[in-house]
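Notes to accompany the following structure.
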Amino acid sequence: INQSTTGQATFGAMNPDPFLRDISSGGYSVLVDARHVASGNLVLQGSLSWTTRQQRNDPRTGIGQNQQRFTDYVTGTVSGGPGFYRDDEISNLGGKFSGTAMLGDHALKAGIEYRKNTLDTKYDDDELFKTSDTSFTRYREISAGIITNHVPSMFIQDSWSINRYLRIGGGLRWDGLFIIASNGQLA
12 INQSTTGQAT FGAMNPDPFL RDISSGGYSV LVDARHVASG NLVLQGSLSW TTRQQRNDPR
72 TGIGQNQQRF TDYVTGTVSG GPGFYRDDEI SNLGGKFSGT AMLGDHALKA GIEYRKNTLD
132 TKYDDDELFK TSDTSFTRYR EISAGIITNH VPSMFIQDSW SINRYLRIGG GLRWDGLFII
192 ASNGQLA
């Protein structure tokens, strides 16, 4: 093992494949928002949104796709593939509807909201470590699953204008949180 000027061990590559990766990410969002003045003192508002994002981290070469990463601490070398790949897709869906009524000195607002968040993930890591001529350790982790949470909400609030210099606000809000596990059951 080579020592750098900072005293840290450095490794040489037996092939470039452990370091060659295709990393990509992207997504899109859509938002629709509408407001309607129903009368001189009532405003209705609604919105819908959807966002999705995907992130991938894959081995770039055939060796990277078919061989585990091998780190040799005895010789200070790395060979094989990168060791892991990851594929995540995250999506968010939301909606909101509210109404605001101007009632004298009061601005009363009430509404409902709903949000659904989903993570679909796949991860695979396979690495072999040689720490002495007779000692090897294999690290293996595979995980995959879909987790979703649902967040319904309701609110009501009042803003009271006592005079032109003082306004008091208050309200109530309820938020639920329902987590759905990979097996489709409520967690």
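Heads up, the sequence shown is in this note's numbering, so the first residue is 12 and it goes up one at a time.
Beta carbons: idealized from backbone N, C-alpha and C, even for Gly.
Restricting to Cα atoms, I'd like to know which of the options is closest to residue i.
i, options, result
"F22", "A49, D83 and I173", "D83"
"S140", "P163, Y125 and G87", "In the sequence on display, residue 140 carries Phe and not Ser. The option with the nearest alpha carbon to F140 is G87."
"A45", "D98, P29, G106 and Q66", "G106"
"D98", "R64, F81, P29 and F147", "R64"
"G38", "L55, S58, F108 and T62", "T62"
"S170", "L114, R32 and V85", "L114"
Count the other CB atoms, across all protein chains shown, that sit within 10 Å of the CB of residue i; report buried if there are 16 or more and exposed otherwise.
i, result
"S90", "buried"
"G181", "exposed"
"Q152", "It is Glu, not Gln, that sits at residue 152 in the sequence shown. Exposed."
"R184", "exposed"
"Y96", "buried"
"P29", "buried"
How is residue i classed by DSSP in three states: helix, strand or coil?
i, result
"Q168", "strand"
"N26", "coil"
"Q66", "strand"
"G75", "helix"
"Y134", "strand"
"I12", "A caution first: I12 carries a pLDDT of 41, below 50, which makes its placement in the model unreliable, though a value can still be read off. The answer is coil: DSSP assigns I12 none of H, G, I, E or B."
"G195", "coil"
"N52", "coil"
In the DSSP output, what is residue i paired with across the bridge?
i, result
"S90", "F81"
Problem - Contact between the stretch 159-167 and the stretch 185-192 (3+ Cβ pairs under 8 Å) - result: yes
Practice task
Give a yes or no on contact between the stretch 38-53 and the stretch 70-77, applying the rule of three or more CB pairs nearer than 8 Å.
Solution key: no
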